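Count along the sequence shown starting at 1, add 3, and that's the number in my numbering. Every residue gets a Cβ at the ideal spot worked out from N, C-alpha and C, and that includes glycine. Since the model is a prediction, treat every value here as computed from it, not as a measurement. Before any comments, here is the structure.
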Amino acid sequence: MSSKYSKQDEYLMRQALQEAERGWGLCSPNPMVGAIIFKDGEELARGYHERCGGAHAEIMALQRVGELARGAELYVTLEPCSSTGRTAPCVQAIIEAGIKRVNIGCLDSNPMHAGRGVKILQQAGIETRAGLLEEDCRRLNEHFFWWIREKRPFVYLKMAMSLDGKIALPDGSSKWITGPFARSQVQKLRRLAGAIMVGGQTLRCDDPSLLVNEPADWPMQPQVCIWSSKKPEPGDSYKIMQGGRSPALFIKPVGTEQWLEFLRQLGAKDCNFLLLEGGGELAEAALSAGIVNKIGFFVAPKLILGRDAIPVVGGRSVKHLDQAIQVLELKCENFGQDILLSGYCQNVYRNN
4 MSSKYSKQDE YLMRQALQEA ERGWGLCSPN PMVGAIIFKD GEELARGYHE
54 RCGGAHAEIM ALQRVGELAR GAELYVTLEP CSSTGRTAPC VQAIIEAGIK
104 RVNIGCLDSN PMHAGRGVKI LQQAGIETRA GLLEEDCRRL NEHFFWWIRE
154 KRPFVYLKMA MSLDGKIALP DGSSKWITGP FARSQVQKLR RLAGAIMVGG
204 QTLRCDDPSL LVNEPADWPM QPQVCIWSSK KPEPGDSYKI MQGGRSPALF
254 IKPVGTEQWL EFLRQLGAKD CNFLLLEGGG ELAEAALSAG IVNKIGFFVA
304 PKLILGRDAI PVVGGRSVKH LDQAIQVLEL KCENFGQDIL LSGYCQNVYR
354 NN
């Protein structure tokens, strides 16, 4: 943390980050943002961006304090917007409220707006500092920043496997390798996703619903994509075809260029997070094409054994070890009896 920030500054920004996470999946495709208003040693109000098209976090907090905001400090995870879109610019509301100092987590990644909000606030005589817990604030919305820059969704490959690297028995049986805590984390990923993709074999063997069902009243469902050129036969009744959902997209991009074209099409439809949920052939195709930003492999403390069991990644191996995809910033987390190993694919992450 920079010496210009105090422990109190860091604490308040962490509170703003927690507030921002309340908008997880609800405000998509907009970024998650949290705000705290602080004055005379006391938190006055907090707010978060609750839905796309709704009031931004700063406005939510300001509305809760009214005139008490005059002379207060604002902590906000993302640079306040400076242009008129679905809502009025937040910088103007901050100026009119009489906020004396603004502490910003990270700047807007859009080149057209980056730093503009800071400049307007400073020109209005408001002390403005940026970079407080910057990496944490940027990581929260890494999928949004990627989408803004690349015009295609951030791709997360989620797999669930046994300790010996198997995702299913030889007959395709795979329910359930991991436990309920791991499956709840998958639900969290689904809530963020604009689209979910599984392979055709996974569809036919597992018949997954691919629904967000935690909570049961979740207002949005991701677009379902099936990595297959084989469409359902007349009379087929998969779960993804039930419940009045949007029709699933059956598509099988092969190679980097076809994948990129598919991703650009998703990005143009405001999808900024694509969740790949297996199986092994889809995993290999996406990894080999170099389009996976991040992997998350859930590992259960089970041994399935056998060459005939289905491995976590199918297809062909690399020809030389120096062609192996390096995984950066590897992280290990516990979810009940299972662990989650996650990290960033070097051939995509930050263009390395």
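Q: Would you mind sorting MET200 into buried or exposed? The rule is 16 or more other CB atoms within 10 Å of its CB.
A: What you label residue 200 is simply residue 197 of the sequence shown in a count that begins at 1. The residue in question, MET200, is buried, as its Cβ has 16 or more Cβ neighbours within 10 Å.
**Q.** Nonlocal neighbours in the same chain, by C-beta distance under 6 Å from PHE157, ignoring five residues either side
**A.** Here residue 157 refers to the residue found at position 154 of the sequence shown. The residues are HIS146, TRP149, PHE276 and ASN296.
Q | When GLU76, GLY88 and PRO32 are compared against GLN11, the one with the closest alpha-carbon | A | The residue you call residue 11 lines up with position 8 of the sequence shown. For GLN11, the nearest C-alpha among the options comes from GLU76.
Q. Which of the three DSSP states, helix, strand or coil, is assigned to MET115?
A. Within the sequence shown, residue 115 is the residue found at index 112, counting from 1. Three-state DSSP puts MET115 in coil, outside helix and strand.
**Q.** Three-way DSSP call (helix, strand, coil) for ILE123 in this model
**A.** For the purposes of this step, residue 123 is taken as the residue at position 120 of the sequence shown. Three-state result, ILE123: helix.
(Q) Any contact between the region 242 to 260 and the region 120 to 131? By contact I mean 3 or more CB pairs, one from each, below 8 Å. (A) no
Q. Would you call the region 63 to 76 and the region 33 to 43 in contact, with 3 or more CB pairs under 8 Å?
A. yes
Q: Identify, in the order they occur along the chain, each residue of the same chain with its Cβ nearer than 7 Å to the Cβ of LYS161, setting aside the five sequence neighbours on each side.
A: Counting from one through the sequence shown, the residue named residue 161 turns up at place 158. The residues are VAL189, LEU192, LEU278, LEU279, GLU280 and GLY299.
**Q.** Residue range of the beta strand (DSSP E) that includes ASP209
**A.** Numbered from its first residue, the sequence shown carries residue 209 at position 206. Unbroken run through ASP209 is the alpha helix (DSSP H), 203 to 209; no beta strand (DSSP E).
Q: Please name the residue in SER112, ARG89 and ALA72 whose C-alpha comes closest to that of ILE97.
A: By one-based count along the sequence shown, residue 97 stands at place 94. The shortest C-alpha separation from ILE97 is found at ALA72.
Q: Can you give me the Cβ contacts of ASP311 inside the same chain, cut-off strictly under 6 Å, excluding the 5 residues immediately before and after it?
A: Start at 1 with the first residue of the sequence shown, and residue 311 comes out as number 308. Within the same chain, ASP311 has close Cβ partners PRO173.
Q. If LEU285 and GLY202 are in contact, beta carbons under 8 Å, what's the gap, nearest whole angstrom?
A. For the purposes of this step, residue 285 is taken as the residue at position 282 of the sequence shown. For the purposes of this step, residue 202 is taken as the residue at position 199 of the sequence shown. Correct: roughly 4 Å between the Cβ atoms.
Q: Could you tell me whether the Cβ atoms of CYS93 and HIS59 are closer together than 8 Å?
A: Walking along the sequence shown from the start, residue 93 turns up at place 90. Walking along the sequence shown from the start, residue 59 turns up at place 56. Yes, they are a contact pair.
(Q) Output needed for ILE342: all residues of its chain with C-beta closer than 8 Å, excluding positions within five of it in sequence on either side, in chain order. (A) Within the sequence shown, residue 342 is the residue found at index 339, counting from 1. Excluding sequence neighbours, ILE342 sits near PHE301, VAL302, CYS335 and GLU336.
(Q) What does the Cβ neighbour count give for TYR51, buried or exposed, with the cut at 16 atoms within 10 Å? (A) On the sequence shown, residue 51 is found 48 positions in, with the first residue counted as 1. TYR51 should be labelled buried.
Q.
Between the alpha carbons of MET16 and ILE107, how many angstroms are there, rounded?
A. Within the sequence shown, the letter at position 13 stands for residue 16. Within the sequence shown, the letter at position 104 stands for residue 107. Distance between the alpha carbons of MET16 and ILE107 is about 8 Å.
Q: Going by DSSP, name the residue or residues bridged to THR131.
A: As a first step, residue 131 is located in the sequence shown; it is residue number 128 there, counting from the start. VAL105, per the DSSP bridge assignment.
Q | Backbone secondary structure at SER291 - three-state DSSP | A | Position 288 of the sequence shown, counted from the first residue, corresponds to residue 291. Correct three-state label for SER291: helix.
Q. Taking Cβ to Cβ, would you say GLY168 is nearer than 8 Å to PRO314?
A. Reading the sequence shown from its first residue, position 165 is the one you call residue 168. Reading the sequence shown from its first residue, position 311 is the one you call residue 314. Taking 8 Å as the Cβ cut-off, GLY168 and PRO314 qualify as a contacting pair.
Q) Could you give the distance in angstroms between the alpha-carbon of HIS323 and the alpha-carbon of ALA133? A) For the purposes of this step, residue 323 is taken as residue 320 along the sequence shown, with counting starting at 1. For the purposes of this step, residue 133 is taken as residue 130 along the sequence shown, with counting starting at 1. Each residue's alpha carbon lies about 44 Å from the other.
Q. Can you name the residues that DSSP bridges to LEU29?
A. Residue mapping note: residue 29 aligns to position 26 of the sequence shown, counting from 1. DSSP lists no partner for LEU29.
**Q.** Residues near ARG54 by beta carbon distance below 6 Å, same chain, minus five either side
**A.** As a working note, residue 54 is residue 51 in the sequence shown. Excluding residues within five positions, the ones whose Cβ falls inside 6 Å are LEU29 and CYS30.
Q | Inter-residue Cα distance where the pair is ARG267 and GLN224 | A | Translated into positions along the sequence shown, residue 267 becomes position 264. Translated into positions along the sequence shown, residue 224 becomes position 221. Roughly 20 Å separates the two Cα atoms.
Q: Would you give the residue range spanned by the alpha helix (DSSP H) that ALA185 belongs to?
A: Within the sequence shown, residue 185 is the residue found at index 182, counting from 1. Per DSSP, ALA185 belongs to the alpha helix (DSSP H) from 183 to 195.
Q. Which residue comes first and which comes last in the beta strand (DSSP E) that contains TYR347?
A. On the sequence shown, residue 347 is found 344 positions in, with the first residue counted as 1. Run containing TYR347: 341 to 348, per the beta strand (DSSP E) assignment.
Q) Under 8 Å between the Cβ atoms of VAL321 and ALA288? A) The residue labelled residue 321 in the question sits at position 318 within the sequence shown. The residue labelled residue 288 in the question sits at position 285 within the sequence shown. No, the pair does not count as a contact, with Cβ atoms beyond the cut-off.
(Q) Need the endpoints of the beta strand (DSSP E) that TRP420 sits in, please. (A) One cannot answer for residue 420 here, as it falls past the ends of the chain, which runs 4 to 355.
Q. Which residues in the same chain have their Cβ closer than 8 Å to the Cβ of LEU20, if we skip the five residues on either side of it in sequence?
A. Position 17 of the sequence shown, counted from the first residue, corresponds to residue 20. Here the set comprises GLY37, THR80, GLY108, LEU136, ASP139, CYS140 and LEU143.
Q.
Beta-carbon within less than 6 Å of ALA48's beta-carbon, same chain only, minus the 5 sequence neighbours each way: which residues are those?
A. As a first step, residue 48 is located in the sequence shown; it is residue number 45 there, counting from the start. Hits under 6 Å: ILE40, ALA64, ARG67 and VAL68.
Q. So, helix, strand or coil for LYS297, using DSSP?
A. Residue 297 sits at position 294 when you count from the first residue of the sequence shown. Note: LYS297 maps to strand in three-state DSSP.
Q: Determine which residues share a DSSP beta bridge with CYS335 and list them.
A: The count along the sequence shown starts at 1 and reaches residue 335 at position 332. Looking at the DSSP assignment, CYS335 forms a beta bridge with LEU344.
Q | Anticipated Cβ contact below 8 Å, LEU290 with VAL316, distance rounded | A | Within the sequence shown, the letter at position 287 stands for residue 290. Within the sequence shown, the letter at position 313 stands for residue 316. The pair is a contact, with the Cβ atoms about 7 Å apart (cut-off 8 Å).
**Q.** DSSP beta-bridge partners of SER165
**A.** For the purposes of this step, residue 165 is identified with residue 162 of the sequence shown, where counting begins at 1. Answer is ALA303, bridged to SER165.
Q: Following the continuous alpha helix (DSSP H) through TYR8, name the residue where it begins and the one where it ends.
A: As a first step, residue 8 is located in the sequence shown; it is residue number 5 there, counting from the start. Segment: none, TYR8 is in no alpha helix (DSSP H) and carries neither H nor E.
Q | Those runs of the beta strand (DSSP E) which lie wholly inside the region 49 to 107 and span at least 3 residues | A | Here the runs fully enclosed are 76 to 81.
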